[in-house]
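Let me begin by presenting the structure, written as structure tokens, before commenting on it.
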Amino acid sequence: MDRELVTDSEEVLRIFTKSRAGKRVFDAWRRRKPHVTERVMEHRTSAVYKLASSEIRSLTSEHALGRLRPSEGYQVESIRDWRPDFAFSHIFHFHLEERGRMYSFQEFREWSRLDRFRPMLHTPAWEEVKKAIGVGYSEQQAKDSVRWRIGLAYYSFVREMYVVARLRELGLDACFHPLADALFRTDTWIGTTSVSLYIKNQKFRDGQTGRKPPAEKLLGGEESGLKFIELGIPTQRLWGEVHFPDEAAVDACAKRLHQLSTQLWKAPGSL
0 MDRELVTDSE EVLRIFTKSR AGKRVFDAWR RRKPHVTERV MEHRTSAVYK LASSEIRSLT
60 SEHALGRLRP SEGYQVESIR DWRPDFAFSH IFHFHLEERG RMYSFQEFRE WSRLDRFRPM
120 LHTPAWEEVK KAIGVGYSEQ QAKDSVRWRI GLAYYSFVRE MYVVARLREL GLDACFHPLA
180 DALFRTDTWI GTTSVSLYIK NQKFRDGQTG RKPPAEKLLG GEESGLKFIE LGIPTQRLWG
240 EVHFPDEAAV DACAKRLHQL STQLWKAPGS L
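Reading the sequence shown from the start, the letters are residues 0 to 270 in numbering that gives the first Met the number 0.
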């Protein structure tokens with residue numbers, strides 16, 4: 000029987016905390032959110048490695064954003080920027096490992112309402128709704144903004160899993176763990192190469208500009224001992240669909256990753 004592929008938090012720390020910057024990021028998070036740290040450090044990734052890109056593309060789900068338009072989804076600024084203690088990546092991957100397969104948005108909503116998981120997302124989401132009502136928004140406006148925030152995060156999760164599955168199908172040992180994703184801005188990694196996936200958006204990040212710091216800057220650049228690749232997906236005007244990267248973009252990224260792997264094997268002193 001083939002050995003099950005598993006990635007744990009210790010492997011993530013071994014790769015991403017070699018630099019002083021990486022250690023500082025982890026230590027600050029551990030001090031700030033000890034209850035989250037304990038649960039995330041226990042997490043073991045294995046279901047990700049059993050996913051097929053075709054399975055993800057064919058997933059049938061209700062529209063995660065409902066019938067909302069951006070003007071409605073972004074209207075409550077505090078919810079637009081809301082980050083629950085358990086990052087969305089943590090929550091989605093806890094559910095993925097429990098189910099052992101990709102799941103629809105409806106399934107996720109049902110799961111998040113279970114008593115043992117309500118404190119991670121459902122309860123804090125209602126706290127955000129109440130705060131918004133307290134400063135003058137209607138309950139419906141606040142709930143719409145929460146739906147939009149969670150829906151976008153779900154689509155991002157589905158897209159990331161598609162890329163990981165596709166890279167593995169193209170012969171790369173693409174690894175994943177929500178600790179690396181949420182804390183170290185690494186959507187997947189191959190050996191010592193960090194890969195970040197994003198939709199090109201000047202407001203949040205496009206190249207070296209925008210609100211979200213790239214993994215290279217966060218981890219200290221060359222001091223980290225890592226190489227960094229960003230896979231940018233052009234903004235699409237699709238409604239009710241996940242913005243998957245086109246095959247050419249994934250192929251180009253895979254080719255570059257294969258080249259980096261070859262260069263490492265041919266480094267001075269190697270056989």
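Note that the Cβ used here is the ideal one computed from N, Cα and C, for glycine as well.
| Item | Value |
| --- | --- |
| Assigned secondary structure, Arg43 (DSSP; H/G/I helix, E/B strand, else coil) | strand |
| Close Cβ partners of Asp172 (< 8 Å) along its chain, the five nearest in sequence each way excluded | Ile189 and Gly190 |
| Start-to-end residues for the alpha helix (DSSP H) that takes in Trp28 | Arg19 to Arg31 |
| Backbone CA spacing between Val5 and Ser52 [nearest angstrom] | 19 Å |
| Segments assigned beta strand (DSSP E), at least 3 residues, entirely inside the region 145 to 228 | 187 to 189 and 192 to 198 |
| Beta-carbon gap between His176 and Phe93 smaller than 8 Å | no |
| His89 classed as buried or exposed, judged by whether at least 16 other C-beta atoms fall within 10 angstroms | buried |
| Alpha-carbon to alpha-carbon, Phe243 and Gly65 | 19 Å |
| Ser137 versus Val39: straight-line alpha-carbon distance, rounded | 35 Å |
| Close Cβ partners of Leu178 (< 6 Å) along its chain, the five nearest in sequence each way excluded | Ser8, Val11 and Val39 |
| Cβ-Cβ distance between Arg79 and Tyr73 below 8 Å | yes |
| Arg43 beta carbon near the ligand ZN (any heavy atom closer than 7 Å) | Here there are no bound small molecules, and the ligand ZN is not part of this structure. |
| Burial state of Thr185 (16 or more Cβ within 10 Å) | buried |
| Selection from Leu218, Glu54, His257 and Arg115 that minimises the alpha carbon distance to Asp26 | Leu218 |
| Those residues which DSSP pairs with Asp7 across a bridge | Arg43 |
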